[in-house]
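Using this note's numbering, read the sequence shown as starting at 13 and increasing by one per residue.
These notes concern the structure reproduced below.
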Amino acid sequence: MVENTFEELITEPEFKVGATQEEQARLKAKMDFDYPPSYLEFLARHNGGGGWLGRGWFSLYSVADALDINALWMKDADYEEHFINYYWLIGSNGSLFTYAIEKETGHFVELDVFDDEYAVYLGKSFQEFLNFLHKLSFKRCDEDGD
């Protein structure tokens, strides 16, 4: 199967300049798990950004935003117990769902921050994650009648 790159999948992109080596080092120091190299490769090219991924909005946090958001969530006991101990937050769909890396497996997942039992597997690699979300956005819209 041929997979599209992030740049090919996103329409109306809003990319940021790649993360510096210093920013990447700060991120690695805070990530208390074996992170997927493909995620860091993306950040080296685009330090966050987003756009339309299929029929849905997609946004990935910059290094600074990821560090801030994960640090804020660590201060909330409820989120720490249900999310931060298990996931590293990396982005969102601008609405209900948050995207994260599952710390135990390194897999990419979709979370609903209001439902601590909702976690949908989206891929093992960053590329698989993007392709799955792209396909999922069309399926969800078709099911909703849009």
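The C-beta atom is built at its ideal place from N, Cα and C for all residues, glycine as well.
With contacts defined by Cβ atoms closer than 7 Å, Phe45 and Lys115 form a contacting pair. Thr32 and Pro49 have their alpha carbons spaced roughly 16 Å apart. Put simply, the backbone Cα of Leu134 is about 10 Å away from that of Ala112.
Note on the region 100 to 149: whole beta strand (DSSP E) runs with a minimum of 3 residues are 109 to 114, 120 to 124, 127 to 135, in chain order. By the C-beta criterion, the region 17 to 27 is judged not to be in contact with the region 97 to 109, since fewer than 3 inter-stretch pairs fall below 8 Å. By the Cβ neighbour-count rule, Ala78 is buried, with 16 or more other Cβ atoms within 10 Å of its own.
As DSSP reads the structure, Glu26 sits in a beta bridge with Gly62.
In the three-state reduction of the DSSP assignment, Phe95 falls in the helix class.
Within 10 angstroms of the beta-carbon of Val121 lie 16 or more other beta-carbons, which makes it buried.
At a Cβ-Cβ threshold of 7 Å, Ser74 and Gly62 do not count as neighbours. Taking a C-beta distance under 7 Å as the contact criterion, Phe144 and Tyr51 do not qualify as a contact pair.
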